[in-house]
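Comments concern the structure below.
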Amino acid sequence: MLYWRFFVTKNQGGAATALLLSGLLAHSFMLVVYTIQQGYLPLGQFASAATTFVWLFGLLYFIQELLLKEQEFGVFVTAILAVVQGISIVTIDYTAPLAEVLQNVYFEVHVSVILLSYASFALGFIASIMYIMLFKEIQGHRFGLFYSRLPSLEFLERLNMRSIIIGLIFLTAGIVLGMLNAGRAWGFFWEWDPKLTMVFLNWLIYLSLVLAYAFLRLRGLRTAYWSLVGFLLIIFSFFIVTNFVSTIHTF
Numbered sequence: 037m038l039y040w041r042f043f044v045t046k047n048q049g050g051a052a053t054a055l056l057l058s059g060l061l062a063h064s065f066m067l068v069v070y071t072i073q074q075g076y077l078p079l080g081q082f083a084s085a086a087t088t089f090v091w092l093f094g095l096l097y098f099i100q101e102l103l104l105k106e107q108e109f110g111v112f113v114t115a116i117l118a119v120v121q122g123i124s125i126v127t128i129d130y131t132a133p134l135a136e137v138l139q140n141v142y143f144e145v146h147v148s149v150i151l152l153s154y155a156s157f158a159l160g161f162i163a164s165i166m167y168i169m170l171f172k173e174i175q176g177h178r179f180g181l182f183y184s185r186l187p188s189l190e191f192l193e194r195l196n197m198r199s200i201i202i203g204l205i206f207l208t209a210g211i212v213l214g215m216l217n218a219g220r221a222w223g224f225f226w227e228w229d230p231k232l233t234m235v236f237l238n239w240l241i242y243l244s245l246v247l248a249y250a251f252l253r254l255r256g257l258r259t260a261y262w263s264l265v266g267f268l269l270i271i272f273s274f275f276i277v278t279n280f281v282s283t284i285h286t287f
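Per the working numbering: the sequence shown ends with 287, consecutive numbering throughout.
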């Protein structure tokens, strides 16, 4: 609510940031308690991975806010944080055992890096939404709330692409780490499980966007919409494929 108040009135910005920091500290404490009680990081099931994503996404945004001095993203970020954390709270099962093959540092690093890539892509997703809303206002000569509050189109596009490039680096590293962990645990590096297929498709989408931006001079709305498609696919993969389709991944 404080970020929404800031977005509309430009007031309570400091209080909004302080509340976000307090939430991050409380969430950090919760994750530490979970790890101590369970004996492993909260990464092995969908709900625990979701709450870890919330922490990573919140931390990444907090760092971005401090560096860029832009709080307008906060209303969008906190909305996503609230929804994902709410889903995690109602679905988490503290009694569900973690497969022994997943109780190793290689698995934990693999999933952490993948979730960090998702957090970076989420920032790009928000920048794309803001870009589209601002572009539509300017195009329609309706200089309303978004025009008065949001950064420039150029800033939003740069932020989108920077977030995607960082996310792609982490996603690539996460895929490689996952392959190495699979080879170590199961004796094969890759299997066309639906979740793995979706991750590979996501990697191709973001890689093609970066290449098109760098070499084909792709700009503007097409870049924003491409970013939207990529993250919507992540949402589908993380929430739907993981829970209802995948045979290997439960996270």
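C-beta atoms are modelled at their ideal positions from N, C-alpha and C, and glycine is treated no differently.
Computed from a predicted model, the values in this text were never measured in an experiment.
Kindly indicate which three-state DSSP category residue i falls into: helix, strand or coil?
i, result
"tryptophan 228", "coil"
"glycine 210", "helix"
"asparagine 47", "coil"
"asparagine 217", "helix"
"glutamate 108", "coil"
"serine 188", "coil"
"threonine 71", "helix"
"asparagine 238", "helix"
"tyrosine 76", "coil"
"leucine 255", "According to the sequence displayed, residue 255 carries arginine and not leucine. Arginine 255 falls in the coil class under three-state DSSP."
"asparagine 140", "coil"
"glycine 176", "coil"
Go through its chain and collect everything with a Cβ distance to residue i's Cβ below 7 Å, but skip five positions before and after it.
i, result
"serine 153", "Gly203, Phe206, Leu207, Gly210"
"tryptophan 262", "Leu245"
"isoleucine 201", "Val246"
"glycine 214", "His146"
"isoleucine 270", "Tyr154, Phe157, Asn238"
"valine 281", "Pro230"
"tyrosine 97", "Phe109, Val113, Leu159"
"alanine 52", "Leu38, Tyr39, Phe42, Gln107, Gly110"
Please work out which residues of its chain come closer than 8 Å, Cβ to Cβ, to residue i, disregarding the five sequence neighbours upstream and downstream, and give them in chain order.
i, result
"tyrosine 249", "Met197, Arg255, Thr259"
"proline 78", "Leu67, Tyr70, Thr71, Ser84, Ala85, Thr87, Thr88"
"glutamate 193", "Ala163, Tyr167, Arg255, Gly256, Thr259, Ala260"
"glutamate 144", "Tyr76, Leu77, Leu79"
"leucine 243", "Leu204"
Run the CB neighbour count on residue i, radius 10 Å, all protein chains shown included, and call it buried at 16 or more, exposed below.
i, result
"tryptophan 222", "exposed"
"asparagine 238", "buried"
"leucine 186", "buried"
"isoleucine 125", "exposed"
"phenylalanine 251", "exposed"
"leucine 232", "buried"
"leucine 103", "exposed"
"alanine 54", "exposed"
Excluding sequence positions up to five away, which residues of its chain have a Cβ less than 6 Å from the Cβ of residue i?
i, result
"isoleucine 30", "Look at the range of the chain in this structure, 37 to 287, and you will see that residue 30 is not part of it."
"leucine 264", "Ser164"
"tyrosine 142", "Asn217"
Is the closest heavy atom of the ligand ATP to the C-beta of residue i under 8 Å?
i, result
"phenylalanine 143", "Inclusion of the ligand ATP in the displayed structure is not the case, the ligand content being empty and no account of it being possible."
Check your understanding: Between the region 104 to 119 and the region 130 to 147, are three or more C-beta pairs nearer than 8 Å?
Key -> no
Review point. Counting pairs of Cβ atoms below 8 Å between the region 172 to 188 and the region 119 to 131, do you hit three or more?
Key: no
Review point. Are the region 270 to 277 and the region 163 to 170 touching by the rule of at least three beta carbon pairs closer than 8 Å?
Key: no
Practice item. Report yes or no: do three or more beta-carbon pairs, one from the region 87 to 106 and one from the region 51 to 69, lie closer than 8 Å? Key: yes
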